[in-house]
Amino acid sequence: MAKRIMAGRSTPQSSRRNGSSNSSTTTRGTTTKPTAPTPTPDEARDLLEIKLAQLNSLLWCCYGDGNGWFEEAGEKHRDNMLWIAADLAREAEMLLEVSSGG
């Protein structure tokens, strides 16, 4: 998967990922993680289904029911929500490539 660099502040690093505080470097739009095993096409399809369900729910909360919550959340929260959506979409794209054998 191609790496992209986008302007933005650094993201917090989590010590909960993989149970330790690893040396992953994260910046907005680009995530460098320790190398994980590539999922099989069947595993990738299952993960893809999960990521798309998460993305669908996230976007529904932001926009889907027209309740105005997204506009009222404030710039910081809107930015973070869109960032999550972008990460989920990138992960889904990678899983689609793996699941289709490409």
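As numbered in the numbering used here, the sequence shown has no gaps in its residue numbers, which increase by one up to the final residue, 102.
Think of the CB as a built atom: it goes at the ideal place given N, C-alpha and C, for glycine as much as any other residue.
These numbers were taken from a predicted model, which means no experiment stands behind them.
_Limits of the alpha helix (DSSP H) - the one that PRO41 falls within_ = 41 to 59
*Buried versus exposed, by CB contacts within 10 Å (16 or more), LYS51*: buried
*In angstroms, rounded to a whole number, what distance separates the CA positions of SER10 and ARG90?*
Confidence at SER10 is low in this model, with a pLDDT of 41, below 50, so its placement is unreliable and the value that follows should be read with caution. Computed Cα separation, rounded: 18 Å.
*So is SER99 buried or exposed if we call it buried at 16+ other beta carbons inside 10 Å?*
buried
*Does the beta-carbon of ALA44 have 16 or more other beta-carbons within 10 angstroms, so that it is buried, or is it exposed?*
buried
*Integer Cβ distance of PRO41 from GLY101, believed to fall under 8 Å*: 6 Å
*Just the C-alpha distance for HIS77 and GLU71, rounded to the nearest angstrom, thanks.*
10 Å
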